[in-house]
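A quick write-up on the structure given underneath.
In this note's numbering, the protein residues as written are 488 to 745.
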């Protein structure tokens with residue numbers, strides 16, 4: 488075993504661990520920013536949603552972002568789509584309105600869960616294998632050091648300490664890389680559970696509110712049914728509202744003249 492091969496393998500191991508450390512801290516920072524934004528948008532939308540006077544007003548909240556807003560947006564889109572009954576007869580619309588709403592909400596929540604969990608598998612992998620990668624570099628370095636000792640025929644401290652000490656650095660670096668990866672993974676798994684529980688509660692409350700409104704949401708800019716009926720009645724009467732009392736008195740007068 489040549490010194491060059493040993494140095495290349497040990498140096499390659501250290502460089503690999505350094506690259507893994509950069510990836511780990513990059514993911515930790517990215518996920519931290521992601522969770523800060525999610526917490527802000529969820530709090531903001533939750534406050535505005537429950538401050539709305541009714542579910543119709545909540546359906547038209549503007550400039551909203553975040554998982555809760557996207558889940559609610561899918562729910563409102565589904566209610567608007569099914570407000571007049573399903574226009575197509577396919578497998579997508581074989582459900583009743585509540586079942587279709589539940590299905591669409593769950594699908595959106597799974598998408599949000601996938602976004603939250605992105606990158607965590609990398610942290611878990613780095614946290615699991617980094618100590619073993621470092622140990623591999625250490626073992627290989629010690630093997631090279633022992634080979635050199637056998638060639639020189641000297642086992643003095645000056646000959647042994649240097650090569651073996653350099654080899655042990657790989658194990659230390661592997662542990663230093665693994666610790667933040669494992670801590671970051673566990674922390675964000677916990678944060679994901681908190682966000683998921685919030686979305687699950689929000690989806691259940693949304694279905695209950697939709698049930699109270701008979702799963703009917705009006706499109707933005709559309710007239711309510713009562714207003715539309717009133718407008719048609721006014722148009723038929725020539726722009727005047729019919730007066731039932733006047734019509735009754737006119738009928739009595741005609742009967743008296745007869």
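Idealized CB from N, CA, C, for every residue including glycine.
Determine the closest residue to residue i out of the options, with distance taken between C-alpha atoms.
i, options, result
"residue 650", "661, 662, 630 and 668", "630"
"residue 499", "699, 621 and 638", "621"
"residue 596", "704, 568, 553 and 666", "553"
"residue 514", "704, 664 and 693", "664"
"residue 563", "517, 670, 542 and 502", "542"
"residue 558", "502, 520, 637 and 682", "682"
"residue 503", "697, 661 and 669", "661"
Would you decide whether residue i is buried or exposed? Buried here means 16 or more other CB atoms lie within 10 Å of its CB.
i, result
"residue 745", "Residue confidence for residue 745 is low, a pLDDT of 45 falling below 50, so the modelled location carries little weight and cannot support an answer."
"residue 624", "buried"
"residue 599", "buried"
"residue 680", "exposed"
"residue 508", "buried"
"residue 613", "buried"
"residue 711", "Only weak support exists for where residue 711 lies, its pLDDT of 45 falling under 50; the coordinates are left without a value."
"residue 537", "exposed"
"residue 628", "buried"
"residue 619", "exposed"
"residue 672", "buried"
"residue 738", "Because the pLDDT of residue 738 is 41, which lies under 50, any placement of that residue in the model is unreliable, and the number read from its coordinates should be weighed accordingly. That one is exposed."
"residue 561", "buried"
"residue 516", "exposed"
Identify whether residue i lies in helix, strand or coil by the three-state DSSP scheme.
i, result
"residue 549", "coil"
"residue 614", "helix"
"residue 540", "coil"
"residue 702", "coil"
"residue 569", "coil"
Of all the CB atoms in chain D, is at least one closer than 8 Å to the CB of residue i?
i, result
"residue 540", "Reference to chain D is not applicable here, since this structure consists of a single protein chain."
Are the beta-carbon atoms of residue i and residue j separated by less than 8 Å?
i, j, result
"residue 546", "residue 532", "no"
"residue 592", "residue 690", "yes"
"residue 610", "residue 703", "no"
At a cut-off of 7 Å, is residue i close to the ligand ADP when judged by its beta-carbon and the heavy atoms of the ligand?
i, result
"residue 699", "This structure does not include the ligand ADP; it has no bound ligands of any sort."
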